[in-house]
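Take a look at the structure set out below.
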Amino acid sequence: MKRLCLVIACLLPISASAQIDITLAEFGIVDINDASQDVSGFKALIGDLGSVFGPTLLGPANTTGALGFDIGLDYSVSTINKKSAHWNKVFTANNKSVDDAPGVLSIVQLKMRKGLPYSFELGGNVGKLLDSDLWAMGLSLRYAVLEGYRLLPDIALTAGISTILGSREMSILVSGGALTISKAFGVAGIVSLTPYVSYNPLVVRASSYVIGRFDEEQRLVRFVLAPETVLRHRAAIGVHAVANNFTLAIEAIITSGVQTFTTQVGATF
Numbered sequence: 004m005k006r007l008c009l010v011i012a013c014l015l016p017i018s019a020s021a022q023i024d025i026t027l028a029e030f031g032i033v034d035i036n037d038a039s040q041d042v043s044g045f046k047a048l049i050g051d052l053g054s055v056f057g058p059t060l061l062g063p064a065n066t067t068g069a070l071g072f073d074i075g076l077d078y079s080v081s082t083i084n085k086k087s088a089h090w091n092k093v094f095t096a097n098n099k100s101v102d103d104a105p106g107v108l109s110i111v112q113l114k115m116r117k118g119l120p121y122s123f124e125l126g127g128n129v130g131k132l133l134d135s136d137l138w139a140m141g142l143s144l145r146y147a148v149l150e151g152y153r154l155l156p157d158i159a160l161t162a163g164i165s166t167i168l169g170s171r172e173m174s175i176l177v178s179g180g181a182l183t184i185s186k187a188f189g190v191a192g193i194v195s196l197t198p199y200v201s202y203n204p205l206v207v208r209a210s211s212y213v214i215g216r217f218d219e220e221q222r223l224v225r226f227v228l229a230p231e232t233v234l235r236h237r238a239a240i241g242v243h244a245v246a247n248n249f250t251l252a253i254e255a256i257i258t259s260g261v262q263t264f265t266t267q268v269g270a271t272f
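So that you can map any letter, position 173 of the sequence shown is 176 in this note's numbering, and since no number is skipped, the others follow by simple counting.
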């Protein structure tokens with residue numbers, strides 16, 4: 004456990020000089036006579052952020068059992084369209100050109116799952132967006148509708164909520180659920196291999212704090228972006244392997260504008 008904590012400490016550095024700063028000043032359109040807001044751009048941005056920080060490793064559908072416990076370390080890479088108008092505004096506020104801006108966002112997460120009676124399972128996670136000051140913390144509850152039948156797949160329903168921390172200009176809350184179907188297979192009597200598919204709708208709710216921007220006469224104009232809600236639909240496919248007490252999983256999640264690829268190593272008890 005001490006070694007695992009040391010690895011996490013190395014992978015989750017404190018970003019004193021963050022390269023990715025989600026700045027919203029460009030989403031306020033300010034001139035001498037008027038001030039307006041780029042609402043559609045703000046909604047597109049928070050939708051992408053919700054997808055990037057949304058739940059990963061949505062399978063397998065079977066739980067760890069009433070006495071089971073699972074811990075894992077995830078590394079996720081999410082592709083974004085850095086040439087889109089909303090990301091261009093973020094990078095412009097960070098004095099970055101499109102060529103210098105990153106096209107992928109990477110997150111490292113520590114995840115834990117604890118089995119409960121009656122096919123329930125409680126999960127928790129804490130993650131860090133690398134090269135930024137943004138963190139995420141979340142909780143989830145899973146219920147296995149079908150589990151452990153030899154001829155039938157495992158089916159589970161999951162509900163979860165998470166929040167994104169570290170932003171100086173906005174608050175974001177991500178909630179959603181998942182329907183997961185999986186089936187375990189034994190390989191050579193040593194490895195349990197479980198492919199799975201999952202559908203994961205996300206609801207992203209975000210609002211800004213007070214933001215300042217200078218107009219054409221260099222006067223400071225303050226504005227607030229109103230709270231907005233965005234619905235994103237995600238589809239996932241992955242495989243989870245267990246050998247003795249060690250686990251390895253890979254997963255791909257597809258959604259509008261963002262694709263996320265995750266690898267996890269962990270242990271189950």
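Where a beta carbon is used, it is the ideal one built from N, C-alpha and C, also for glycine.
C-alpha distance - ALA191 paired with HIS243, whole-angstrom precision: Between the alpha carbons of ALA191 and HIS243 lies a gap of roughly 16 Å.
Should the segment 201-211 be called in touch with the segment 164-182, which here means at least 3 C-beta pairs below 8 Å? Contact holds: three or more Cβ-Cβ distances are below 8 Å.
Return the chain-ordered list of same chain residues with a C-beta closer than 7 Å to the C-beta of LEU119, the five sequence neighbours on each side being excluded. Beyond the five residues adjoining it in sequence on each side, LEU119 comes within less than 7 Å, by CB distance, of ALA69 and LEU125 in the same chain, given in chain order.
How many angstroms separate the CA atom of GLY163 from the CA atom of VAL224? Taking C-alpha positions only, GLY163 is separated from VAL224 by approximately 38 Å.
For SER122, collect the residues of the same chain with a Cβ closer than 7 Å to its Cβ; drop the 5 residues on either side in sequence, then sort them by chain order. THR66, TYR146, ALA147 and GLU150.
So, do the segment 56-64 and the segment 72-80 have three or more beta carbon pairs nearer to each other than 8 Å? As far as the Cβ criterion goes, the segment 56-64 touches the segment 72-80, which means the pair count is three or higher.
Is the distance from the Cβ of ILE25 to the Cβ of VAL93 below 8 Å? In this structure, ILE25 lies near VAL93, with their beta-carbon atoms less than 8 Å apart.
The alpha helix (DSSP H) that contains SER54, what's its start and end? 42-56 is the span of the alpha helix (DSSP H), which, as asked, contains SER54.
In chain order, which alpha helix (DSSP H) runs of at least 4 residues are fully inside the segment 173-226? Fully enclosed alpha helix (DSSP H) runs of 4 or longer: not present.
Thinking SER54 and SER79 are a contact (beta carbons under 8 Å), I'd like their distance in whole angstroms, please. Incorrect: roughly 11 Å between the Cβ atoms, too far for contact.
Going by DSSP in three states, ALA229 sits in which element: helix, strand or coil? Residue state, collapsed to three classes: coil.
At the level of alpha carbons, what is the spacing between THR161 and SER43? Each residue's Cα considered, the two are about 30 Å apart.
Throw me the rounded Cβ distance for the SER165 and MET140 pair, which I believe falls under 8 Å. SER165 to MET140, Cβ: 6 Å. Contact.
When burial is assigned at 16 or more other CB atoms within 10 Å of the CB, is GLN267 buried or exposed? Buried.
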